[in-house]
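Novice:
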Amino acid sequence: MPRLYCVVREVLSVQPFKIDIAYLSSKTDIEFGSMKWVQYGFTKSCGHFRIRNSDIVDHVNIFSHLLKGKKTGRGGCVRIFPTAGEIWAVYKNWSLNWDGSTPDEVRHQYEMVEILDEYTEQYGVCVTPLVKLEGYKTVYHRSTREDSKKWIPRCEMLRFSHQVPSWFLKDATSGFPENCWDLDPAAIPEELLHIGAGTN
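Counting from 1, one number per residue, gives the positions in the sequence shown under the UniProt record's numbering.
1) Can the beta-carbon of residue 52 be found less than 8 Å from the beta-carbon of residue 77?
2) Inspect the beta-carbon positions of residue 32 and residue 90 and report whether they are closer than 8 Å.
3) Output needed for residue 12: all residues of its chain with C-beta closer than 8 Å, excluding positions within five of it in sequence on either side, in chain order.
4) DSSP three-state label for residue 93, please.
5) Where does residue 47 land, buried or exposed, given buried means 16+ other C-beta within 10 angstroms?
6) Distance check for residue 24 and residue 9, CA to CA, integer angstroms please.
7) Suppose you measure from the CA of residue 67 to the CA of residue 104; what does that come to, to the nearest Å?
8) Alpha carbon to alpha carbon, how far is residue 127 from residue 72? Give it in angstroms, no decimals.
9) With DSSP run on the structure shown, which of helix, strand or coil describes residue 61?
10) Relative to the alpha-carbon of residue 190, which residue among 138, 70, 178, 29 has its alpha-carbon at the smallest distance?
11) Looking at residue 70: is its Cβ nearer than 8 Å to the Cβ of residue 79?
12) How big is the Cα-Cα spacing for residue 83 and residue 133?
13) Per DSSP, what kind of secondary structure is residue 185 in: helix, strand or coil?
14) Please say whether residue 165 and residue 65 have beta carbons closer to each other than 8 Å?
15) Does the distance from the C-beta atom of residue 181 to that of residue 136 stay below 8 Å?
16) Around the C-beta of residue 110, are 16 or more other C-beta atoms found within 10 angstroms, so that it is buried, or is it exposed?
17) Would you mind working out which of 15, 14, 16, 26 sits nearest residue 6, comparing C-alpha positions?
18) Quick one: residues in its chain with C-beta nearer than 7 Å to the C-beta of residue 37, no 5 flanking neighbours on either side, listed in chain order?
19) Specify the secondary structure class of residue 134 as computed by DSSP and reduced to three states.
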């Protein structure tokens, strides 16, 4: 899943492809509370990151997609949070009690959500679940339940696993119901790629 971030510092060559990048990493998740997520070996996908080691890359296929980030302050700090309109995968069974002994079968269960409102420290992020469209592997639509919209608070921001590249399908031209997205299969966990319908 696309959880390793970098900043492109310079395009050195197009033919052949060669760029100078700097990796982003974080040694703490203190901005979300006292949970030792990073220390337990989990990957943090949103929050504050620092520019670390640089590298020269000549393989274009290691990249997944562009991610929105914002440089803040000094010292190479980059702020990355889910943005309205994006699709993210979240850990379905996530708990504040997860640690290094949490079984893989508990950790690696996901659901897809659409970001409705952007992150604030006071409220967190507003999301709505996406449900797989029957008969498709990668097409999802908004849940029709009136109570489906929810807020993921600041203390639960580590629930976000990774951003999923997506393409909004306009119902007038695509033949799909309204509010449908086609998600990048490379960013969809394998267990969600079987054909079928999700739970509304």
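Here a beta-carbon is modelled for each residue, glycine too, at the ideal position from N, C-alpha and C.
Given the structure is predicted, the values throughout are model-derived calculations rather than measurements.
Specialist: Taking the coordinates as given:
1) Inclusion of residue 52 and residue 77 in the CB contact set at 8 Å is not warranted, their separation being larger than that value.
2) no
3) 18, 19, 20, 56
4) coil
5) buried
6) Using only the alpha carbons, I get a separation of about 12 Å.
7) 27 Å
8) Distance between the alpha carbons of residue 72 and residue 127: 25 Å.
9) helix
10) 138
11) yes
12) 24 Å
13) helix
14) yes
15) no
16) buried
17) 26
18) 29, 44, 158
19) coil
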